[in-house]
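Chemist: All the letters of the sequence shown, read from the start, carry residue numbers 83 to 436 under our numbering. Virtual Cβ for every residue (Gly too), placed ideally from N, Cα, C. If you're wondering where the values come from, they're calculated on a predicted model, not measured in any experiment. Right, I'll just put the structure down here and ask away after.
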Amino acid sequence: MALPYDHLIVAAGATHSYFGHDEWQPYAPGLKTLDDAFEIRRRILLAFEAAEKEPDAARRDSWLTFVVIGGGPTGVEMAGTLAEIACFTLPGEFRRIDPSHARIILLEGGPRLLQAMPEELGRRARDQLEELGVEVCLGAMVTAIGADRVQVKPSSGTVSPADSHAIASRCVIWAAGVAASPLGAQLARAVAATVDRAGRVVVEPDLTLPGHPEINVIGDLAAARSFAPGQKPKPVPGVSPAAKQMGRAAAANILARLGGRAPRAFRYRDYGNLATIGRNAAVVDLMSPLGRFKFSGYPAWLFWLFAHIYFLIGFRNRIVVLIDWASAYWSRQRYARIIADIDTPAEPASAVRP
Ligand SMILES: Cc1cc2nc3c(=O)[nH]c(=O)nc-3n(C[C@H](O)[C@H](O)[C@H](O)COP(=O)(O)OP(=O)(O)OC[C@H]3O[C@@H](n4cnc5c(N)ncnc54)[C@H](O)[C@@H]3O)c2cc1C
83 MALPYDHLIV AAGATHSYFG HDEWQPYAPG LKTLDDAFEI RRRILLAFEA
133 AEKEPDAARR DSWLTFVVIG GGPTGVEMAG TLAEIACFTL PGEFRRIDPS
183 HARIILLEGG PRLLQAMPEE LGRRARDQLE ELGVEVCLGA MVTAIGADRV
233 QVKPSSGTVS PADSHAIASR CVIWAAGVAA SPLGAQLARA VAATVDRAGR
283 VVVEPDLTLP GHPEINVIGD LAAARSFAPG QKPKPVPGVS PAAKQMGRAA
333 AANILARLGG RAPRAFRYRD YGNLATIGRN AAVVDLMSPL GRFKFSGYPA
383 WLFWLFAHIY FLIGFRNRIV VLIDWASAYW SRQRYARIIA DIDTPAEPAS
433 AVRP
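Quick look at the structure:
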């Protein structure tokens, strides 16, 4: 179906990037959509089930070794959550294994966690993860992923020798990279625009394409810059506040054009970054009119909680989520333990059901 348009806004977002190794995808799903989240939950729960049934000690250990690849906010949050599930949610539910003995390993190729945040917060995130029992390996470049192992090459001297070649793991989660939707490259080819290394479409200051003021590209799909008075243009990060602000700016510019006024250059207002690590653990880098505030631990976790509830749409949703989170906080339970689609396990069927 072809639709004619006067003004077009393209906001197709980003998807996982395996840096040219798409063959890793079946072994290391990424987290982007709700379906991805269900799949990851299924693999984690099945790994504990498989460990419970596994008579061979080495194979059992590999089921109980969870590797998260990528030390950005997604990887940090995933590793912290996994550690909490293993230590606080699942103990007592198995007869042969102790889920709290599971190894959670977070691999990061760079020298520190949360590279988009100040160094101090990256350090505090690492401390909080290690308190939860997560093994954080910095300078650890993944070179191969298979059904039962992750191959790691140290990119600096900080990887422990035991982990410097292969980690036996049957549950791997990819949080290392995103690339723009392929629609960006298609669009760029069609209108002779350019894309950057991540496949994002390079846009003009007003978020339109060069020579095509009727086409706006926004959100994670756009390689956009922020133009603040008196400052050098800065790249806009791939986060949801930036995407929402670009949406409003593109709409305002279309209205301006229709009204015969000049469009305005996009200015991103950065209110800061948050990442949660687990119960009572988070890091916050807050920009406010009074200055920049960096804090971590319990106050940061409370701030994260209320910020997320504040941005939910509708009073009813806020109350329901607040009650649900309060119940999960006090009981340490996570009730949604459904393993769907059990006939297509992540591993060979024999490994899951001996
Ligand atoms: C796991 C994870 C955690 C994140 N956590 C945070 C966070 O805590 N805070 C934060 O600020 N940001 C976070 N982000 C980033 C944030 O989600 C993105 O910056 C934001 O969603 C970008 O919005 P968007 O509208 O550009 O793209 P998206 O939200 O990705 O939406 C794009 C939509 O377009 C659809 N689409 C793609 N191609 C086509 C096509 N050809 N035709 C039709 N539809 C198409 C996609 O299915 C998708 O629904 C997170 C991202 C991930 C993956």
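Give me the Cα-Cα distance between residue 430 and residue 140, rounded to the nearest whole angstrom.
Modeler: Note that residue 430 has pLDDT 43, beneath the 50 cutoff, so the model's placement of it is unreliable and the number below is only indicative. The alpha-carbon atoms of residue 430 and residue 140 are separated by roughly 17 Å.
Chemist: For a test of your reading of the model: does the CB of residue 156 fall under 6 Å from any non-hydrogen atom of ligand 1? Yes or no.
Modeler: Checking the Cβ of residue 156 against ligand 1 gives yes.
Chemist: What number of angstroms, rounded off, separates the C-alpha of residue 375 from the C-alpha of residue 368?
Modeler: Their backbone Cα atoms lie some 5 Å apart in a straight line.
Chemist: Give the C-beta separation of residue 355 and residue 198 to the nearest angstrom, bearing in mind that I take them to be a contact with Cβ-Cβ under 8 Å.
Modeler: 6 Å
Chemist: Residues with a Cβ closer than 5 Å to any heavy atom of ligand 1, in chain order?
Modeler: So the residues near ligand 1 by this Cβ test are 93, 94, 95, 113, 114, 156, 263, 265, 301, 302, 320, 321, 322, 325.
Chemist: Can you tell me where the alpha helix (DSSP H) holding residue 210 begins and where it ends?
Modeler: 201-213
Chemist: Answer with buried or exposed for residue 364, where buried requires no fewer than 16 other C-beta atoms within 10 angstroms of its C-beta.
Modeler: buried
Chemist: Report yes if the CB atom of residue 359 is closer than 7 Å to the CB atom of residue 222, and no otherwise.
Modeler: The answer is no: Cβ separation not under 7 Å.
Chemist: Classify residue 111 as buried or exposed, calling it buried when 16 or more other Cβ atoms lie within 10 Å of its own Cβ.
Modeler: buried
Chemist: Answer yes or no: do residue 211 and residue 161 have a C-beta to C-beta separation smaller than 7 Å?
Modeler: In this structure, residue 211 sits near residue 161, with a CB-CB distance shorter than 7 Å.
Chemist: Between the alpha carbons of residue 454 and residue 94, how many angstroms are there, rounded?
Modeler: This structure leaves residue 454 out entirely; the chain is present only between 83 and 436.
Chemist: Measuring straight from C-alpha to C-alpha, what distance separates residue 434 and residue 147?
Modeler: Reliability of the predicted coordinates at residue 434 is poor, the pLDDT of 35 falling under 50, and the value obtained from them is presented with this limitation in mind. One C-alpha to the other measures close to 15 Å.
Chemist: Closest to residue 283 by C-alpha separation, out of 134, 263, 296, would be which residue?
Modeler: 263
Chemist: What are the start and end residues of the alpha helix (DSSP H) that includes residue 161?
Modeler: Segment 155-166, the alpha helix (DSSP H) holding residue 161.
Chemist: When the Cα atoms are used, what is the spatial distance from residue 335 to residue 343?
Modeler: 9 Å
Chemist: By a C-beta neighbour count over all protein chains shown, 10 Å radius and 16 as the cutoff for buried, is residue 341 buried or exposed?
Modeler: exposed
Chemist: Apart from the five residues just before and just after residue 156, which ones in its own chain have a Cβ nearer than 7 Å to its Cβ?
Modeler: For residue 156, same chain residues with a beta-carbon under 7 Å away, outside a window of 5 residues either side, are 113, 257 in chain order.
Chemist: Contact between the segment 216-236 and the segment 383-402: three or more CB pairs below 8 Å?
Modeler: no
Chemist: Which residue from 176, 181, 177 puts its Cα closest to that of residue 170?
Modeler: 181
Chemist: Helix, strand or coil for residue 91? Go by DSSP, reduced to three states.
Modeler: strand
Chemist: From the DSSP output, in three-state form, read off residue 83 for me.
Modeler: The answer is coil: DSSP assigns residue 83 none of H, G, I, E or B.
Chemist: Out of 362, 402, 250, 179, state which residue places its alpha-carbon closest to the alpha-carbon of residue 136.
Modeler: 179
Chemist: Could you say which of 189, 411, 119, 381 lies nearest to residue 218 if we only look at CA atoms?
Modeler: 189
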